[in-house]
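S.K.: Questions regarding the structure given below will be posed in turn.
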Amino acid sequence: MSASDRAATHAALAANVRRLRIAARLSLSQLAAATGVGKATLSGIERGQGNATIDTVSAIAAALRVSPAELLAAPAVAAPTIVRASSPPTPRGPGGPARRLDTLATEATTSVWELTLAERERRELEPAAAGSRALHVLAGSVVAGPAGQISQLDAGDWLSCPATVPFQLEAERRPARLLLLLSHSPLH
């Protein structure tokens, strides 16, 4: 197995363990207790560090009710992140309470676009080689998201996802105003 294959396997394991643990509503401590694997080891696995043994992967898989192969498989497409307008602000935001929508990578170039969609207008964005997309609904409501993971978003809602899959957005029964952020590495 090449170094890049090992890195991809570690990344897949990390993403899958974290995703499945959160979906099962388990803390790291609870998963550690269920598996007999140390909390520090699990934390390292979720960060893509360390070298999990077959026994460790099997114990985690059993606790999360999946097969070891599912834990090691590359995720199909990362689920979009959605922050609803009704989400409470964080008390320790910059200068006081604020609602964090997302964190953007500093190495990326980000284009910010304001879009207005007419009633029932639909747009499709082609997949990019790399990068991410984020959408903030300023007014109206839209149905938007990566192919196969469409969500209804209302004014104030935020969605972010990888840019490597097709993306669609459609205004509903009235026009919508949106802020679209397209981030990509300067190398792409």
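With my numbering applied, the sequence shown covers 21 to 208.
Backbone N, C-alpha and C define an ideal beta-carbon position, used for all residues, glycine too.
The structure presented is a predicted model; accordingly, all values stated were derived computationally and were not measured.
Please look up how many angstroms separate the CB atoms of Leu62 and Val77, rounded, as I've assumed it's under 8 Å.
M.R.: About 12 Å separates the two Cβ atoms, so there is no contact after all.
S.K.: In three-state DSSP terms, what is Leu200?
M.R.: In the structure shown, Leu200 sits in a strand (DSSP, three-state: E or B).
S.K.: Helix or strand or just coil, what does DSSP make of Gln69?
M.R.: Here Gln69 sits in coil by DSSP.
S.K.: Would you kindly check if the distance between the Cβ of Leu33 and the Cβ of Arg41 is under 8 Å?
M.R.: Contact: no.
S.K.: Can you tell me the Cβ-Cβ gap for Ala150 and His204, rounded? I've got them flagged as a contact below 8 Å.
M.R.: That belief holds up - the Cβ atoms of Ala150 and His204 are roughly 6 Å apart, short of 8 Å.
S.K.: For Arg26, name the three-state secondary structure that DSSP assigns.
M.R.: Reduced to three states, the DSSP call for Arg26 is helix.
S.K.: Less than 7 Å between C-beta atoms, sequence neighbours within five positions excluded: which residues of the same chain meet that for Ala138?
M.R.: Hits under 7 Å: Ala191 and Pro195.
S.K.: Kindly list the residues whose CB is nearer than 6 Å to the CB of His208, restricted to its own chain and excluding five residues on each side of it in sequence; keep chain order.
M.R.: With a pLDDT of only 41 at His208, under the threshold of 50, the placement of this residue in the model should not be trusted; the figure read from the coordinates follows. Taken in chain order, the residues that qualify are Ala149 and Ala150.
S.K.: Distance, Cα to Cα, Gly168 vs Ala99?
M.R.: Looking at the two C-alpha atoms, the distance is approximately 10 Å.
S.K.: Compare the Cα-Cα distances from Ile80 to each of Arg38, Leu179, Arg143 and Glu141 and report the closest residue.
M.R.: Checked all of Arg38, Leu179, Arg143 and Glu141; the closest Cα to Ile80 is Arg38.
S.K.: By Cβ distance below 6 Å, which residues in the same chain neighbour Asn36 in space, the five residues on each side in sequence not counted?
M.R.: For Asn36, where only same-chain residues beyond five positions count, the Cβ hits under 6 Å are Leu91.
S.K.: Does Pro108 come out as helix, strand or coil in the three-state DSSP assignment?
M.R.: If DSSP states are grouped into helix, strand and coil, Pro108 belongs with coil.
S.K.: Between Gly68, Leu46 and Ser107, which has its C-alpha nearest Ser24's C-alpha?
M.R.: Checked all of Gly68, Leu46 and Ser107; the closest Cα to Ser24 is Gly68.
S.K.: Candidates Ile170, Leu179 and Phe187: which alpha carbon is nearest Leu158's?
M.R.: When only C-alpha atoms are compared, the closest one is Leu179.
S.K.: Taking Cβ to Cβ, would you say Leu145 is nearer than 8 Å to Pro182?
M.R.: No, they are not a contact pair.
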